[in-house]
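Listed in order, the protein sequences are those of chains A and B.
When we follow this note's numbering, the leftmost residue of the first sequence carries the number 3, and every step to the right adds one.
When we follow this note's numbering, the leftmost residue of the second sequence carries the number 1423, and every step to the right adds one.
The beta-carbon is built from N, C-alpha and C at its ideal position, and this holds for glycine as well.
Given the structure is predicted, the values throughout are model-derived calculations rather than measurements.
Comments concern the structure below.
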Amino acid sequence: MTTAKKLMTTEEFMALPDDGRRRELLDGEVVELAPVNGDHAQVEALVAHYLLLDVLPSARGVVWTGDPAFIVRHNPDRTRCPDVCLFVAGRIPSREERQHALRVIPDLIVEVISPGDTAAEVQQKTGEWLAAGARLVWNVYPMLQQVVAYRSLSDVRTYAAEDTLDAEPVLPGFACPVAKLFA
Amino acid sequence: MTTAKKLMTADELFLMPDDGRRYELVEGELVEMTPPGNVHGKITLLVGSVLLAFVRLHQLGEVATGDPGIIIRRSPDVVRGPDVYFIRNERIPAGGLPAAYMDIVPDLIVEVVSPGDTATEVLKKVGEWLAAGARLVWAVYPELRTVVAYRSLHDIHAYGPDDTLDAEPVLPGFACPVAKLFA
């Protein structure tokens, strides 16, 4: 007699210890993410910084870091944890909602790409975020000093060091020279 | 006294005895290419044959596969071997495709992505092809049944399994259901 492998639920995943490991739940199985390097950490902090500089004065949004969990698919459960994310005012989750893994997907998702991330993984994850409802996904490449922005799978553009990054349509008017993110 | 490292040229690479290995030349240094997997081989041929059928029917130019050497840059020399390419008649040298490496960058470049290829590597390679003059680059993801088409770094479009792949502006009229490429 064979026993079917027991898949983990989102609730069980959220009950895992906060031991500094970065994890995601993919179709009921825990996947541990590689530790980030200093480059990744610095860029992540800078992206969050410039987004916060924009949204805090006008309270037009909130920015989260620290790999919060979002449920992108159900049965089997798939939970993803973006490096930085942003909710615009009007969609900000309540205090109660913030105690659990969230079903409501941020307006802007930022993933800083590590050297070992495979192209297929990144493409898959981007498609997942868009399908789940993100309106803008930034894939940030510290090694190339480029940001690839997806508004949909057919509306994609790259911003290089000499460009200015905008956040249309999520944050109209946001402008950050790409070079500042890789200073 | 230090001796400068002797860099290899594209001509020297072409004249190297066939040792059963495949190489690219990156800034004058040999980079060995590991043999790709079988899915890669199958998909490369499928994409190549779909392109070839269209190109032959309309007598538009040449399609090649098998990592043919394209000289992207000189001094130091950079030679890359795309998985498939298409070059329009008007751009082919007078005597036809050369037996050796070609220093004209084809109109359409196809790179089939392997599971181990990193996102940074793929984006870098795409950027290189575009900067060298390719007008359309396809990054083909067999496991995701997706083709990401780059017309420039500002004009990027991902075609999924339910979409129809076109080859604008390089092959007007070309249309292939993406699912057919991965059948």
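Using the beta-carbon of each residue, which ones in chain B are nearer than 7 Å to residue i?
i, result
"Ile115 (chain A)", "Ala1541, Thr1542"
"Gln44 (chain A)", "Going along chain B, no residue has its Cβ under 7 Å from Gln44 (chain A), so there is no contact; the nearest lies around 16 Å."
"Gly40 (chain A)", "Those within 7 Å of Gly40 (chain A) in chain B number zero; the least Cβ separation is about 16 Å."
"Gln147 (chain A)", "Simply none; closest approach about 11 Å."
"Gln126 (chain A)", "Leu1566"
With C-beta atoms as the reference, is residue i less than 9 Å away from residue j?
i, j, result
"Pro1504 (chain B)", "Val1532 (chain B)", "yes"
"Lys1546 (chain B)", "Arg1502 (chain B)", "no"
"Glu46 (chain A)", "Thr12 (chain A)", "no"
"Ala71 (chain A)", "Leu28 (chain A)", "no"
"Thr1542 (chain B)", "Leu146 (chain A)", "yes"
"Leu53 (chain A)", "Ala169 (chain A)", "yes"
"Gly1459 (chain B)", "Gly129 (chain A)", "no"
"Val106 (chain A)", "Ala50 (chain A)", "no"
"Arg82 (chain A)", "Val74 (chain A)", "yes"
"Leu1519 (chain B)", "Ala1486 (chain B)", "yes"
"Ala1561 (chain B)", "Val1544 (chain B)", "yes"
"Thr120 (chain A)", "Gly1463 (chain B)", "no"
Using CA coordinates, which residue listed in the options is at the minimum distance from residue i?
i, options, result
"Ile1578 (chain B)", "A:Ala151, A:Glu164, A:Ala163, A:Arg80", "A:Ala151"
"Val1534 (chain B)", "B:Phe1604, B:Pro1439, B:Leu1452, B:Ile1465", "B:Ile1465"
"Gly1470 (chain B)", "B:Phe1508, B:Ser1497, B:Leu1587", "B:Phe1508"
"Asp1433 (chain B)", "B:Gly1538, B:Gly1491, B:Pro1528", "B:Gly1491"
"Phe1476 (chain B)", "B:Lys1602, B:Phe1596, B:Val1600, B:Thr1540", "B:Phe1596"
"Asp1499 (chain B)", "B:Leu1429, B:Glu1512, B:Asp1585", "B:Leu1429"
"Leu1593 (chain B)", "B:Ala1554, B:Thr1540, B:Arg1510", "B:Arg1510"
"Gly30 (chain A)", "A:Gly40, A:Ala50, A:His76", "A:His76"
"Asp1441 (chain B)", "B:Glu1449, B:Phe1604, B:Met1455", "B:Met1455"
"Arg23 (chain A)", "A:Tyr161, A:Asp69, A:Glu164, A:Val180", "A:Asp69"
"Asp41 (chain A)", "A:Glu170, A:Ser116, A:Asn141", "A:Ser116"
"Ile111 (chain A)", "A:Ser96, A:Ala91, A:Arg97, A:Ala134", "A:Ala134"
"Gly1555 (chain B)", "B:Val1562, B:Leu1530, B:Ser1536", "B:Leu1530"
"Leu1552 (chain B)", "B:Asp1588, B:Ser1574, B:Ala1486", "B:Ser1574"
"Ser154 (chain A)", "A:Pro171, A:Arg62, A:Phe184", "A:Pro171"
"Gly63 (chain A)", "A:Arg82, A:Arg93, A:Pro84, A:Gln44", "A:Arg93"
"Met1524 (chain B)", "B:Leu1473, B:Gly1538, B:Arg1496, B:Val1559", "B:Arg1496"
"Glu113 (chain A)", "A:Leu58, A:Cys178, A:Tyr143, A:Thr160", "A:Tyr143"
"Pro1528 (chain B)", "B:Ala1571, B:Ile1493, B:Asp1539, B:Arg1567", "B:Ile1493"
What would DSSP say about residue i, mapped onto helix, strand or coil?
i, result
"Tyr1523 (chain B)", "coil"
"Asp56 (chain A)", "helix"
"Pro50 (chain A)", "The amino acid at residue 50 (chain A) is misidentified as Pro; the sequence shows Ala. Looking at Ala50 (chain A) - three-state DSSP - the assignment turns out to be helix."
"Val172 (chain A)", "coil"
"Thr11 (chain A)", "coil"
"Gly1538 (chain B)", "coil"
"Thr81 (chain A)", "strand"
"Leu155 (chain A)", "coil"
"Leu1367 (chain B)", "Residue numbering for chain B in the displayed model covers 1423 to 1605; residue 1367 (chain B) lies beyond these limits and cannot be assessed."
"Val1592 (chain B)", "coil"
"Val45 (chain A)", "helix"
"Val106 (chain A)", "coil"
"Gln101 (chain A)", "helix"
"Asn141 (chain A)", "strand"
"Gly1483 (chain B)", "strand"
"Ala1597 (chain B)", "strand"
"Ala36 (chain A)", "coil"
"Glu164 (chain A)", "coil"
"Ala177 (chain A)", "strand"
"Ala1561 (chain B)", "strand"
"Glu1449 (chain B)", "coil"
"Leu1552 (chain B)", "helix"
"Leu146 (chain A)", "coil"
Along the chain, where does the beta strand (DSSP E) containing residue i start, and where does it finish?
i, result
"Ile73 (chain A)", "72–75"
"Ala1571 (chain B)", "1568–1574"
"Ala1580 (chain B)", "1577–1581"
"Ile1514 (chain B)", "First-last for Ile1514 (chain B): undefined, no H or E at that position."
"Thr67 (chain A)", "63–67"
"Ile1493 (chain B)", "1492–1495"
"Arg1502 (chain B)", "1500–1502"
"Arg24 (chain A)", "24–28"
"Leu18 (chain A)", "Note, Leu18 (chain A): premise wrong, no beta strand (DSSP E); not H, not E."
"Leu88 (chain A)", "86–90"
For residue i, report the span of its alpha helix (DSSP H) as first-last.
i, result
"Glu129 (chain A)", "Note on identity: in this sequence residue 129 (chain A) is Gly, with Glu being the wrong assignment. Its alpha helix (DSSP H) spans residues 121–134."
"Ser1471 (chain B)", "1460–1480"
"Glu1434 (chain B)", "1432–1437"
"Val180 (chain A)", "180–183"
In chain B, which residues lie with their C-beta within 8 Å of the C-beta of residue i?
i, result
"Tyr143 (chain A)", "Ala1541, Thr1542, Leu1545"
"Val1 (chain A)", "In the structure as shown, chain A starts at 3 and stops at 185, and residue 1 (chain A) therefore has no counterpart that could be examined."
Starting from residue i, find everything on chain A with Cβ-Cβ shorter than 8 Å and list it in chain order.
i, result
"Pro1537 (chain B)", "Thr120, Ala122"
"Leu1519 (chain B)", "Correct list: empty, because the minimum Cβ distance to chain A is about 29 Å."
"Gly1582 (chain B)", "Gly129, Leu155"
Determine the chain B residues that contact residue i at a beta-carbon separation under 9 Å, and present them in chain order.
i, result
"Arg159 (chain A)", "Ser1574, Leu1575, His1576, Asp1577, Ile1578"
"Leu104 (chain A)", "None at all; the shortest Cβ gap to chain B is about 25 Å."
Under 7 Å between beta-carbons, which chain A residues line up against residue i? List them in chain order, please.
i, result
"Val1469 (chain B)", "Within 7 Å Cβ-Cβ: nothing; Val1469 (chain B) doesn't reach chain A, min ~17 Å."
"Val1461 (chain B)", "Those do not exist, as Val1461 (chain B) stays about 12 Å from chain A at its closest Cβ, beyond 7 Å."
"Tyr1563 (chain B)", "Ala122, Gln125"
"Val1477 (chain B)", "Correct list: empty, because the minimum Cβ distance to chain A is about 25 Å."
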